[in-house]
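**Student:**
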Amino acid sequence: MTTTAPPRARARWLALGALGLAQLMVVLDTTVVNIALPSAQHALGMSDTGRQWTISAYTLAFGGLLLLGGRLADRVGRRTTLLIGVVGFALASAAGGAAPTSAWLIGARAAQGVFAALLAPSTMALLTLTFTDPRERAKAFGIFSAIMLSGSALGLTVGGALTEFLDWRWSLYVNIPIAVLAGLGAWFAVPAVAGHRDTRLDWTSAVLSCGGIVLLVHALSEVATQGFSLPVLVFLAVSAALLALFVRRQARRPHPLLPLSVVRNRARAVAYLTVAVASFGAFGMFLFLTYQLQAVMGYGALAAALAFLPTLAANMLTSTQVSGRLLPHVGPRPLLAGGLALLAGGLLLATRLTPDASYAAVILPMQLLLGVGAGLCMPVVLNVATRDVGARDAGAASAFVTTSQQVGASLGTATLNTIATAASAGLATPAAIVHGYTTAAAWAAGLVGLASLTALLVLPRGTR
């Protein structure tokens, strides 16, 4: 195994651009198709079940294969897996855009998820190994975090615009030019570093983790429509058993898929908890806000998408101009705790929603708090979660960040939907629907606030 020194300054920032574009594809596709789905459903004669699977196929393949993707990146080489992921994602997007049937589209979305599971750990691991200077690293993670967090909101905007002015198929074709730019940038700016070929792949652990995570995410996605029915409870029980066996196996294997030393570090454990809890609250709330704007307040698809732009702007400015600059001076503790506190404040403000809520007085300040809060804490999460991890395990550590985000988002969407449905008492009036949203927001605010207190009390002081 050979190593390569971090590239020169100019090449490092060009590499960041390529890695950012690759990551943008991954997060963009969590939402860009959502607004296009009604048009796709009509064009392909898709059932409601097929519509749900168009979303789930991507998230299940992505979430289930992340840990394996991270370990493959460590073994084969991150640049290699990045390029394979970029090319594969582009081809899957082209296939999805040309889909003649709903089954074809669902298969293409699953293929996107498979290649996304290669892309995401590779980009973050390469970022970790490329930026080693603390100040540059903080700035780079700020920019990368802004891309990660803004991609979902940008996906809504892009999906709405493409569907309204072109065709639903362009919500998939849009990935192709992004992939071309990311691939060329990675080829020329990202250094080729040999993988750790002596690291064995534990396929039994891969099956256990993939099965456990897929069943967990699937069960949580079904809670919103089925509640905690017997099939859902069976899925959850089997998932828990598989994940317990996975953890036990990791403690005993010489080459584990996820080295437990990665998550036993106190600072990294808080970082993983932060990304899971922040995703729990934010993703569920953005789903509610989408419904609030369109179903309750009568916004069109594009207008609703544009209404999320303040969150996007607040997040990007805070991630790139505030968090990265403060981290080398104050350490992660106040930024994590403070960012989560602002997120909790935004969720509390969401409890003031009404069917005729003022955008300027309620929705806009709520979005700004959510954007600034996420912008403060998420760059720190990415930095801390991958710092001081040996080069051999960089892919595994990076994969667990995204896994925590995926599971947190799925758990949040399912749990908050269940709370909202129960609070609305089955009524479909605007007042009852919004009461469900505000009740769920209060629970989410409490959980995120508790995570803020945990970060304040548990994270070591003065950690840089």
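Going by my numbering, the first residue of the sequence shown is number 358, and it counts up by one from there. Cβ coordinates follow ideal geometry from the N, Cα and C atoms, glycine included. Just so it is clear, the structure is predicted and the values come from calculations on it, not from any experiment.
(1) Determine whether the beta carbon atoms of L378 and S450 lie at a separation below 8 Å.
(2) Please classify H792: is it buried, with 16 or more other beta-carbons within 10 angstroms of its beta-carbon, or exposed?
(3) Where are the alpha helix (DSSP H) runs, 4 residues long or more, that stay fully inside the region 407-480, in chain order?
(4) CB-CB under 6 Å to I504, same chain, minus the five flanking residues each way: which ones, in chain order?
(5) Looking at the unbroken alpha helix (DSSP H) that takes in Q651, where does it start and where does it end?
(6) Residues in the same chain with beta-carbon distance under 8 Å from L810, minus the five sequence neighbours each way, listed in chain order, please.
(7) Which residue wins for smallest C-alpha separation from F603, given the options P611, L593, F592, L615?
(8) Mind checking whether T631 and V738 have CB atoms under 8 Å apart?
(9) Taking the alpha helix (DSSP H) that I720 falls in, what are its first and last residues?
(10) Of the choices G464, L373, T387, L422, whose alpha-carbon is the least far from that of L538?
(11) Three or more C-beta pairs under 8 Å: does that hold for the region 702-719 against the region 760-779?
(12) Sort A789, L424, Y629 by Cα distance to L565 and report the nearest one.
(13) Any contact between the region 489-496 and the region 452-467? By contact I mean 3 or more CB pairs, one from each, below 8 Å.
(14) Look at the Cβ atom of V805, then the Cβ atom of A624, and state whether they are nearer than 8 Å.
(15) Determine whether the beta carbon atoms of L816 and R621 lie at a separation below 8 Å.
(16) Answer yes or no: do R369 and G454 have a C-beta to C-beta separation smaller than 8 Å?
(17) Distance check for L644 and T361, CA to CA, integer angstroms please.
(18) Where are the alpha helix (DSSP H) runs, 4 residues long or more, that stay fully inside the region 482-546, in chain order?
(19) For R821, collect the residues of the same chain with a Cβ closer than 7 Å to its Cβ; drop the 5 residues on either side in sequence, then sort them by chain order.
(20) One question on the structure: do S676 and L692 come within less than 8 Å of each other, judged by their Cβ atoms?
(21) Within the same chain, show all residues whose beta-carbon is closer than 6 Å to that of M403, passing over the 5 residues directly before and after it, in chain order.
(22) In chain order, what residues of the same chain lie with their CB nearer than 7 Å to the CB of F640, ignoring the 5 residues before and after it?
**Tutor:** Here's the rundown:
(1) no
(2) So H792 counts as buried.
(3) Runs found: 435-454.
(4) Close CB contacts of I504 within its chain, under the 6 Å cut and outside five residues either way in sequence, are with G377, Q380, L381 (chain order).
(5) Here Q651 belongs to no alpha helix (DSSP H), and DSSP marks it neither H nor E.
(6) Only A694 meet the Cβ criterion.
(7) L615
(8) yes
(9) Per DSSP, I720 belongs to no alpha helix (DSSP H) and is neither H nor E.
(10) L373
(11) no
(12) L424
(13) no
(14) no
(15) no
(16) no
(17) In this prediction, T361 has a pLDDT of 46, which is less than 50 and means its spatial position is unreliable; nothing more can be read from the coordinates.
(18) For the region 482-546, whole alpha helix (DSSP H) runs of length 4 or above, ordered along the chain, are 491-522, 527-530, 532-546.
(19) Its pLDDT being 47, under 50, R821 is placed unreliably in this model, and the value from its coordinates should be taken loosely. Around R821: P491, P685, G688.
(20) no
(21) S459
(22) Excluding positions up to five away in sequence, the list reads A766, G769, T770.
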